[in-house]
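Numbering (my numbering), first residue to last: 71 to 645. Please read the structure below before turning to the comments.
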């Protein structure tokens with residue numbers, strides 16, 4: 071067992087409620103740009119003063135404008151009867167209204183519920199029912215989705231209800247819906263229970279702003295702040311309720327972990343959905359806590375992303391591994407001017423771009439979960455290799471970590487593997503529908519289901535999901551270790567190692583690989599590469615090559631394990 075220093079010794083913490091966080095950064099950075107969104111083809115070309123032109127429409131908000139827009143949302147929510155603790159669903163891509171909606175819900179005393187824009191209609195039905203939102207603020211269209219049509223199909227009563235007066239057995243708590251965005255070409259204007267965004271905001275104009283101020287001031291750090299859902303890589307997503315303190319500790323903490331200062335003028339590009347807690351901490355937290363600007367992209371497109379980075383002089387990109395590879399393969403990769411990039415990890419594709427000269431190491435040696443609203447252990451940016459030693463870092467302030475035997479629950483000796491358990495100030499209030507005493511052990515620790523060990527220096531080493539460990543011929547193989555070796559091959563774009571049943575070995579190690587176009591990878595060539603890097607029993611006996619479109623990713627870039635196992639087994643069976 072190992073603990074970090076007390077939380078009150080952590081530097082850089084400010085207000086520990088979301089209204090307090092937004093107020094504090096607004097007072098510090100009022101006139102600075104907080105966010106920008108270029109729409110309709112941001113390609114790096116100039117736009118006119120009216121925000122239109124070859125580069126598309128542009129929205130820019132200062133910190134003061136972000137505060138004002140969040141207050142507008144809060145007034146509309148209060149005017150519609152939202153009480154303290156009422157849940158507000160936010161089903162949007164990364165756009166200014168997402169931040170206004172989430173902060174606005176907190177200013178009104180509510181609980182923000184970010185929902186995944188990757189949701190299919192059945193998934194959306196489940197999320198709305200499980201979350202119990204009374205208000206849904208949604209974006210009309212996202213790639214491959216028309217949520218107005220999807221919602222009307224799920225609940226036909228939406229079409230006939232008056233705004234704010236929905237009554238439906240399917241969604242018994244949902245009363246009000248408001249929509250951002252124009253109808254698609256040929257599409258219908260919203261009607262029935264669905265308000266336009268302008269009408270929604272207008273409904274709060276008679277709500278006294280001092281009541282919003284009073285509601286925000288009444289929020290306590292221990293109150294529920296947000297309800298996030300897990301990525302659902304192995305089962306239905308779990309609803310995870312977090313307190314204001316847990317969220318805000320991480321918003322302030324990420325700025326410190328990255329080492330950002332106001333004079334760095336951080337400009338953060340991200341296209342990863344803010345409905346994942348990691349993107350909120352890394353993107354929103356690290357940027358706003360240091361007075362930077364969010365360069366938003368509603369959905370990821372590699373060519374458009376490079377154009378945004380050039381046009382907006384981005385210096386801090388936040389992406390997932392599969393997106394780095396797509397950026398490097400984009401048609402405008404060679405022409406893009408990315409010389410502004412400064413806070414880009416040396417191991418990513420962008421750091422290898424010919425116009426990038428910065429050499430920087432992100433605080434990537436970290437471990438966390440949605441249940442702890444991101445990181446529990448870690449090291450700050452630019453930590454030397456001899457300090458982190460390839461680990462997942464040391465416990466952060468207020469955090470205690472133990473590793474236990476999964477069967478007996480006994481704490482293991484230093485260096486011995488087991489299940490990682492954590493407790494600390496950012497630990498969730500609980501799962502929806504599950505009593506907390508059924509989630510935590512008698513000492514208040516959350517058992518993560520992840521395997522790992524604590525070394526002699528007190529560093530945590532994550533070794534993958536316990537359920538993912540492949541037991542082959544009596545030996546345990548960590549898929550993560552195999553994947554790290556495979557990823558070192560220049561021809562590999564995406565990899566995930568799995569175990570499949572075997573008559574004599576129990577399980578056999580199988581590598582599922584998406585190669586780069588034209589890489590000419592062969593199974594035997596990859597196995598020969600791995601034999602130089604792994605013990606023989608860890609080298610995959612079978613290699614399955616897949617296309618990009620055959621690998622189903624969750625929004626946090628996790629591969630859906632069950633789908634992958636089925637696909638790999640079928641491919642091997644069919645030859």
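Quick reminder that beta carbons are idealized off the backbone N, C-alpha and C, glycines included.
Item, Value
"Three Cβ pairs or more, each shorter than 8 Å: is that satisfied between the segment 443–463 and the segment 323–339?", "yes"
"Once the 5 residues before and after residue 271 are set aside, which same chain residues still bring their CB inside 6 Å of it?", "142 and 146"
"Is residue 290 helix, strand or coil by DSSP?", "coil"
"So residue 549 packs on residue 80, CB below 8 Å; how close in whole Å?", "With a Cβ gap of about 34 Å, residue 549 and residue 80 do not count as contacting."
"Go ahead and label residue 493 buried or exposed: buried means 16 or more other beta carbons lie within 10 angstroms of its beta carbon, across all protein chains shown.", "buried"
"Could you tell me which residues DSSP puts in a beta bridge with residue 493?", "470"
"Apart from the five residues just before and just after residue 91, which ones in its own chain have a Cβ nearer than 7 Å to its Cβ?", "84, 85, 318 and 321"
"Flag this pair as touching only if the segment 591–603 and the segment 557–569 have three or more C-beta atom pairs under 8 Å; answer yes or no.", "yes"
"One question on the structure: do residue 89 and residue 152 come within less than 8 Å of each other, judged by their Cβ atoms?", "no"
"With three or more beta-carbon pairs closer than 8 Å as the criterion, would you say the segment 527–545 touches the segment 348–359?", "no"
"Among 329, 368, 462 and 333, which one has its Cα closest to the Cα of residue 342?", "368"
"Which value, in whole angstroms, describes the spacing of the CA atoms of residue 226 and residue 192?", "15 Å"
"Tell me which same chain residues have a C-beta within less than 7 Å of the C-beta of residue 352, skipping the five on either side of it?", "324 and 388"
"Going along the chain, which residues of its own chain have a beta-carbon closer than 7 Å to the beta-carbon of residue 572, five neighbours each way excluded?", "578"
"CA-CA distance, residue 610 and residue 411?", "38 Å"
"So residue 296 and residue 200 are supposed to be a Cβ contact under 8 Å. How far apart are they, rounded?", "That belief does not hold up - the Cβ atoms of residue 296 and residue 200 are roughly 15 Å apart, past 8 Å."
"Could you compute how far the alpha carbon of residue 575 sits from the alpha carbon of residue 569?", "11 Å"
"Suppose contacts are defined by Cβ-Cβ distances below 8 Å. Is residue 210 in contact with residue 220 by that definition?", "no"
"Let me know the secondary structure DSSP gives residue 586 once reduced to three states.", "coil"
"Using CA coordinates, which residue listed in 535, 134 and 380 is at the minimum distance from residue 108?", "380"
"When the Cα atoms are used, what is the spatial distance from residue 195 to residue 215?", "14 Å"
"Under a three-way DSSP split, which group does residue 237 fall into?", "coil"
"Does the Cβ of residue 426 have 16 or more other Cβ atoms within 10 Å, making it buried, or fewer, making it exposed?", "buried"
"Report yes or no: do three or more beta-carbon pairs, one from the segment 398–405 and one from the segment 433–441, lie closer than 8 Å?", "no"
"Can you have a look at residue 187 and say buried or exposed, based on whether 16 or more other CB atoms are within 10 angstroms of its CB?", "buried"
"Is there a C-beta anywhere in chain C that falls below 8 Å from the one on residue 438?", "The structure shown contains no chain C; it holds only a single protein chain."
"What residues in its chain sit with their C-beta under 6 Å from that of residue 150, if we drop five residues either side in the sequence?", "234 and 246"
"Tell whether a beta-carbon distance below 8 Å holds between residue 67 and residue 556.", "A query on residue 67 cannot be resolved here, the shown segment of the chain reaching from 71 to 645 and no further."
"Checking 8 Å against the spacing of the C-beta atoms, do residue 539 and residue 518 come in under that value?", "no"
"So, at 7 Å on beta carbons, what are the nonlocal neighbours of residue 229 in its own chain, with the 5 sequence-adjacent residues on each side left out?", "222, 261 and 262"
"When DSSP builds the beta bridges, which residues end up paired with residue 73?", "470"
"Can you grab the Cα-Cα spacing for the pair residue 202 / residue 501, in whole Å?", "14 Å"
"Only counting runs of 4 or more residues, tell me where the alpha helix (DSSP H) segments fall wholly within the segment 521–573, in order along the chain.", "549–557"
"I'd like the list of long-range same chain contacts for residue 429, defined as Cβ closer than 8 Å, with 5 residues on each side in sequence excluded.", "416 and 421"
"For a quick check, are the C-beta atoms of residue 197 and residue 344 less than 8 Å apart?", "no"
"Quick check: residue 315 and residue 347, are their CB atoms within less than 8 Å of each other?", "no"
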